[in-house]
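**Student:**
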Amino acid sequence: MRRKGSALSGMSTIAWKEAADHFSSARFHFVMLLVLLTAFGSVYGAIGEIKNTIGQDPFLFLRLLTTAKQPVPSFVAFLGFLLPLVSIALAFDSINGEYSRRTMSRILAQPIYRDALLFGKFLGGMIVLALCLLTLWLLMTGLGILTLGLPPSGPEIARGLAFLVACLAYAGVWLALALLFSTIFRQAATSALAALALWLIFAIFWGMIVHALTVALAPIDPTNPMTLVSAVEMQSALARISPNTLFSETAQALLSPQTRALGLVFMEQMEGAIPGAPLPFSQSALLIWPQLSGMVAAMLLIFTGAYVTFQRQEVRA
Amino acid sequence: MSAPVVEAKGLTKRYGPTIAVNGLDLQIEAGEVFGLLGPNGSGKTTTILMLLGLTEPSSGTVRVFGHDPLRDPLSVKREVGYMPDAVGFYDQLTARENLRYIAKLSGIAENEREARIEQALQRVRLAKVADRRVKTFSRGMRQRLGLAELVAKGSRLAILDEPTSGLDPQSTQELLHLISSFAKEGMTVILSSHLLSMVQSVCDRVALFREGKAGLVGTVPDIAGTVLGGICIIDLEAEGVDPEKVVAAIKGIRRVTRRKNGSVQIDADGDLRSEISRAIVAAGGSLKSLSMSQSSLDDVYVRYFETDQNREMVNAA
Chain A
78 MRRKGSALSG
88 MSTIAWKEAA
98 DHFSSARFHF
108 VMLLVLLTAF
118 GSVYGAIGEI
128 KNTIGQDPFL
138 FLRLLTTAKQ
148 PVPSFVAFLG
158 FLLPLVSIAL
168 AFDSINGEYS
178 RRTMSRILAQ
188 PIYRDALLFG
198 KFLGGMIVLA
208 LCLLTLWLLM
218 TGLGILTLGL
228 PPSGPEIARG
238 LAFLVACLAY
248 AGVWLALALL
258 FSTIFRQAAT
268 SALAALALWL
278 IFAIFWGMIV
288 HALTVALAPI
298 DPTNPMTLVS
308 AVEMQSALAR
318 ISPNTLFSET
328 AQALLSPQTR
338 ALGLVFMEQM
348 EGAIPGAPLP
358 FSQSALLIWP
368 QLSGMVAAML
378 LIFTGAYVTF
388 QRQEVRA
Chain B
653 MSAPVVEAKG
663 LTKRYGPTIA
673 VNGLDLQIEA
683 GEVFGLLGPN
693 GSGKTTTILM
703 LLGLTEPSSG
713 TVRVFGHDPL
723 RDPLSVKREV
733 GYMPDAVGFY
743 DQLTARENLR
753 YIAKLSGIAE
763 NEREARIEQA
773 LQRVRLAKVA
783 DRRVKTFSRG
793 MRQRLGLAEL
803 VAKGSRLAIL
813 DEPTSGLDPQ
823 STQELLHLIS
833 SFAKEGMTVI
843 LSSHLLSMVQ
853 SVCDRVALFR
863 EGKAGLVGTV
873 PDIAGTVLGG
883 ICIIDLEAEG
893 VDPEKVVAAI
903 KGIRRVTRRK
913 NGSVQIDADG
923 DLRSEISRAI
933 VAAGGSLKSL
943 SMSQSSLDDV
953 YVRYFETDQN
963 REMVNAA
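Going down the list, the protein sequences come from chains A and B. FYI, the numbering used here numbers position 100 of the first sequence as 177, with every residue one higher than the one before it. FYI, the numbering used here numbers position 152 of the second sequence as 804, with every residue one higher than the one before it.
1) Whose C-alpha, out of B/THR707, B/CYS884, B/VAL954 and B/ALA779, is nearest the C-alpha of B/ARG748?
2) Does any C-beta atom of chain A lie closer than 9 Å to the C-beta of B/PHE741?
3) Given A/ARG191, which residues of its chain have a CB within under 7 Å of its CB, disregarding the five upstream and five downstream residues?
4) Going along the segment 185-218 of chain A in order, which residues come within less than 8 Å of chain B, judged by CB to CB distance?
5) Using beta carbons (cut-off 9 Å, strictly below), is B/ASP724 in contact with chain A?
6) Buried or exposed: where does B/LYS912 fall if 16 or more other Cβ atoms within 10 Å of its Cβ makes it buried?
7) Taking Cβ-Cβ distances below 7 Å as the criterion, which residues of the segment 686-701 of chain B are in contact with chain A?
8) Below 8 Å on the Cβ atoms is my guess for B/LEU939 versus B/SER915; work out the distance and round it to an integer in Å.
9) Which residues, in chain order, does the segment 334-353 of chain A contribute to contact with chain B at a C-beta distance below 7 Å?
10) Throw me the rounded Cβ distance for the A/SER259 and A/SER171 pair, which I believe falls under 8 Å.
11) A/MET347: buried (16+ other C-beta within 10 angstroms of its C-beta) or exposed?
12) Taking a contact to mean a Cβ-Cβ separation below 9 Å, would you say A/SER177 touches A/ARG104 in this structure?
13) Is the segment 720-732 of chain B close to the segment 798-817 of chain B, with three or more CB pairs under 8 Å?
14) Looking at the strands, I want to know which residues DSSP matches up with B/ASP919.
15) For A/PRO161, is the classification buried or exposed, using 16 other Cβ atoms within 10 angstroms of its Cβ as the cut-off for buried?
16) Which word fits A/LYS94, buried or exposed, when buried means at least 16 other C-beta atoms lie within 10 angstroms of its C-beta?
17) Using a Cβ-Cβ cutoff of 9 Å, what residues of the segment 829-848 of chain B are near chain A? List them in chain order.
18) In chain order, what residues of the segment 240-262 of chain A put their CB closer than 7 Å to some CB of chain B?
19) According to the neighbour-count rule (16 or more other Cβ atoms, all chains shown, within 10 Å of its Cβ), is A/MET285 buried or exposed?
20) On the three-state DSSP scale, how would you describe A/ASP170?
21) Does chain B have any CB closer than 9 Å to the CB of A/GLY87?
22) On the criterion of 16 or more Cβ atoms from any shown chain inside 10 Å, does A/PHE324 qualify as buried, or is it exposed?
23) Considering only C-alpha positions, which residue in the set B/GLU837, B/GLU659, B/ARG715 and B/ALA800 is nearest to B/LEU827?
24) Helix, strand or coil for B/HIS719? Go by DSSP, reduced to three states.
25) Between B/ARG796 and B/LYS836, what straight-line distance do the alpha-carbon atoms span, to the nearest angstrom?
26) Would you identify the three-state DSSP class for B/GLN679, choosing helix, strand or coil?
27) Is the CB-CB distance between A/ALA265 and A/GLY174 below 9 Å?
28) Report buried or exposed for B/VAL739, applying the criterion of at least 16 other Cβ atoms within 10 angstroms of its Cβ.
29) Going by beta-carbon coordinates alone, are A/PHE152 and A/ALA116 separated by less than 9 Å?
30) Measuring CB atoms only, is the segment 672-687 of chain B touching the segment 851-859 of chain B, in the sense that at least three cross pairs come out at less than 8 Å?
31) Compute the distance between the beta-carbons of A/LEU156 and A/VAL112, then report whether it is under 9 Å.
32) Can you name the residues that DSSP bridges to B/TYR734?
33) Of all the options A/TRP251, A/LEU369 and A/THR291, which has the alpha carbon lying nearest to the alpha carbon of A/ALA328?
What follows is the structure in structure tokens.
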């Protein structure tokens with residue numbers, strides 16, 4: 078049975094209203110303040126480090142984002158840790174909040190489909206994330222120009238923009254996840270806790286879990302070197318279930334141009350390679366293609382889950 | 653006579669084994685104020701949600717302005733305004749912003765949007781507080797804002813779910829007054845309630861809901877006639893005799909029940925006041941008061957659902 082009318086009518090209205098709500102909400106201001114402070118802290122630390130080693134790197138601007146000055150982690154590491162938090166803060170109550178405010182049935186009584194509401198909510202979150210990431214990136218670039226005194230080169234800008242896209246995909250995964258939880262759980266607190274629990278698992282415990290699983294699933298036989306290879310491959314495959322791993326690999330390949338591979342490399346594969354020589358941007362992009370499409374796929378898959386759940390939900394609270 | 657505004661045939665909704673609405677047939681004409689009356693959980697809200705296409709009927713058909721709410725929900729929702737039970741708004745937005753959002757969603761042209769919102773706010777006397785946040789609004793103001801939404805949207809059919817629940821008597825009167833004035837201007841109104849006096853004062857026709865069925869449909873006097881079967885209810889207060897014994901001997905008395913305050917309620921086939929007074933006096937008692945009450949919807953309601961409970965008890969025994 079086909080429905081009449083467009084599923085998208087009203088979507089942009091909802092998206093812009095959601096974005097406006099986010100930009101004026103105290104919760105979002107708080108999270109963004111946290112991100113900005115850590116960003117400034119880590120880049121400031123990186124500048125101090127870079128000044129000691131100036132002139133040794135053609136990609137000085139990218140070093141700004143990847144250099145860590147102990148004990149402060151690098152900007153990229155911070156972003157990998159905090160972006161999920163921003164996404165969760167944006168979306169953990171987007172659907173169940175409408176129920177608890179008792180606005181859901183009123184909104185759905187307007188001439189729009191449910192699809193438009195969910196698309197609009199997701200899109201609104203993505204607009205906010207995109208604007209914030211762009212601002213953050215421009216701020217950091219500006220800070221770099223001011224303190225280092227030189228403009229970024231063309232390849233650096235290309236890599237920076239690609240990194241921005243990767244950040245957006247990564248944040249999108251978590252946005253979709255928070256949206257899914259907000260449709261599954263009727264209590265905003267429950268969905269927030271579920272999303273935060275998953276965030277902690279992937280950000281902190283996933284490495285340990287992967288290690289334990291690898292030992293169990295692919296035990297190493299000291300007499301057979303091939304078991305070592307399969308163990309390493311198993312480990313990286315399991316680690317890549319986590320969007321955090323995909324993001325950090327993407328960031329590594331994009332922001333450290335000398336990265337040639339994101340997994341096991343054999344000696345014969347390195348034949349003829351100049352150690353430490355940077356790859357052109359197109360080759361780095363090729364390298365992260367699976368990671369990036371993995372993140373986009375995860376985002377779409379999780380969003381589909383939220384979509385199906387929401388479409389089947391009873392409107393009455 | 654034009655086609656009916658709402659036409660439901662054999663409308664049924666099951667939630668698993670429980671039947672919320674059971675084979676409902678309903679026809680509502682243009683310009684009517686139609687009351688859905690019944691206790692909580694008798695299927696009123698479910699019926700409303702099916703009219704709006706927010707819930708899928710298990711079987712049966714509905715037509716609203718000739719459209720199928722399931723296949724063509726946008727056409728239905730464009731014509732219909734819905735005010736849910738305990739209507740909710742976005743608290744951080746002002747009254748005007750809330751209406752603007754709804755007006756955008758319902759596709760009102762940009763050039764007439766503001767004028768219509770202003771007009772609607774004046775209509776429900778909220779123009780002075782239009783730019784205050786809804787957070788500060790009282791319950792009555794929220795309900796009026798809900799009505800303003802219907803006006804701004806230009807709905808031809810207004811569906812109000814428990815519009816006066818939780819309101820003080822003055823706000824209730826005000827709201828009912830507004831609703832009747834809408835009806836006078838040609839808006840068809842469906843309102844659900846368990847408050848009988850309210851339904852009696854504004855509704856042209858009433859459907860009594862019981863276990864998901866519209867047991868009785870008709871004007872208030874018609875229904876009273878059907879349920880009470882032309883029975884008169886007489887209040888008697890007497891001293892010096894046992895009124896129950898004395899009265900029981902009179903022909904045409906259906907039932908005698910003693911009230912807590914000592915008076916007696918008599919259900920009789922006709923106006924038997926003179927016979928009763930004679931009998932009391934003849935038995936040596938003194939008559940303190942004797943009056944016949946008008947059959948109101950309250951009596952109908954109590955009687956209707958009382959017989960229901962009695963039957964259940966019989967079935968259980």
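C-beta atoms are modelled at their ideal positions from N, C-alpha and C, and glycine is treated no differently.
**Tutor:** Let me lay it out:
1) Numbered from its first residue, the second sequence carries residue 748 of chain B at position 96. For B/ARG748, the nearest C-alpha among the options comes from B/ALA779.
2) Taking the first residue of the second sequence as position 1, residue 741 of chain B is located at position 89. Chain A contact via Cβ: present.
3) Along the first sequence, one-based indexing puts residue 191 of chain A at 114. So the list reads LEU185, PHE387 and GLN388, once near-sequence residues are dropped.
4) LEU185, ALA186, GLN187, PRO188, ILE189 and TYR190
5) As a first step, residue 724 of chain B is located in the second sequence; it is residue number 72 there, counting from the start. So yes, B/ASP724 belongs to the interface.
6) Looking up residue 912 of chain B in the second sequence gives position 260. Counting the other Cβ atoms within 10 Å of the Cβ of B/LYS912 gives fewer than 16, which makes it exposed.
7) THR697 and LEU701
8) Position 287 of the second sequence, counted from the start, is the residue given in the question as residue 939 of chain B. Position 263 of the second sequence, counted from the start, is the residue given in the question as residue 915 of chain B. 12 Å between Cβ atoms; not a contact.
9) none
10) The count along the first sequence starts at 1 and reaches residue 259 of chain A at position 182. The count along the first sequence starts at 1 and reaches residue 171 of chain A at position 94. Between the beta-carbon of A/SER259 and that of A/SER171 there is about 5 Å, and that keeps the pair under the 8 Å contact cut.
11) Taking the first sequence and counting its residues from 1, the one referred to as residue 347 of chain A is at position 270. A/MET347 is classed as exposed because its beta carbon has fewer than 16 other beta carbons within 10 Å across all chains shown.
12) Residue mapping note: residue 177 of chain A aligns to position 100 of the first sequence, counting from 1. Residue mapping note: residue 104 of chain A aligns to position 27 of the first sequence, counting from 1. Cβ atoms of A/SER177 and A/ARG104: not closer than 9 Å.
13) yes
14) Here residue 919 of chain B refers to the residue found at position 267 when the second sequence is read from its first residue. B/ASP919 pairs with B/ILE885 and B/ARG907.
15) If you number the first sequence from 1, residue 161 of chain A lands on position 84. Buried, by the Cβ-count rule.
16) For this step, residue 94 of chain A is matched to residue 17 along the first sequence. It is buried - the Cβ of A/LYS94 has at least 16 other Cβ atoms within 10 Å.
17) none
18) none
19) For the purposes of this step, residue 285 of chain A is taken as residue 208 along the first sequence, with counting starting at 1. Classification for A/MET285: exposed.
20) Here residue 170 of chain A refers to the residue found at position 93 of the first sequence. Here A/ASP170 sits in coil by DSSP.
21) Counted from its first residue, the first sequence places residue 87 of chain A at position 10. Yes, its Cβ sits closer than 9 Å to a Cβ of chain B.
22) Stepping through the first sequence from its first residue, residue 324 of chain A is reached at position 247. Classification of A/PHE324: buried, given that the 10 Å Cβ count is 16 or more.
23) As a first step, residue 827 of chain B must be located in the second sequence, where it is residue number 175. Distance check between B/LEU827 and each of B/GLU837, B/GLU659, B/ARG715 and B/ALA800 places B/ALA800 closest, using alpha-carbon atoms only.
24) Within the second sequence, the letter at position 67 stands for residue 719 of chain B. Here DSSP, grouped into helix, strand and coil, assigns B/HIS719 to strand.
25) Along the second sequence, one-based indexing puts residue 796 of chain B at 144. Along the second sequence, one-based indexing puts residue 836 of chain B at 184. Their backbone Cα atoms lie some 18 Å apart in a straight line.
26) Along the second sequence, one-based indexing puts residue 679 of chain B at 27. In the structure shown, B/GLN679 sits in a strand (DSSP, three-state: E or B).
27) In the first sequence, the residue the question calls residue 265 of chain A occupies position 188. In the first sequence, the residue the question calls residue 174 of chain A occupies position 97. Yes, Cβ-Cβ distance for A/ALA265 and A/GLY174 is below 9 Å.
28) As a working mapping, residue 739 of chain B is identified with position 87 in the second sequence. Counting the other CB atoms within 10 Å of its CB gives B/VAL739 a total of 16 or more, which places it among the buried residues.
29) One-based indexing of the first sequence puts residue 152 of chain A at position 75. One-based indexing of the first sequence puts residue 116 of chain A at position 39. Cβ distance < 9 Å, so A/PHE152 and A/ALA116 count as in contact.
30) Contact between the segment 672-687 of chain B and the segment 851-859 of chain B is present, because at least three Cβ pairs lie under 8 Å.
31) Residue numbering aside, residue 156 of chain A sits at position 79 when the first sequence is read from its first letter. Residue numbering aside, residue 112 of chain A sits at position 35 when the first sequence is read from its first letter. Yes, the pair counts as a contact, with Cβ atoms nearer than the cut-off.
32) Taking the second sequence and counting its residues from 1, one reaches residue 734 of chain B at position 82. Its beta-bridge partners are B/ILE811.
33) Locating residue 328 of chain A in the first sequence gives position 251, where the first residue counts as 1. Looking from the CA of A/ALA328, the closest CA among A/TRP251, A/LEU369 and A/THR291 belongs to A/LEU369.
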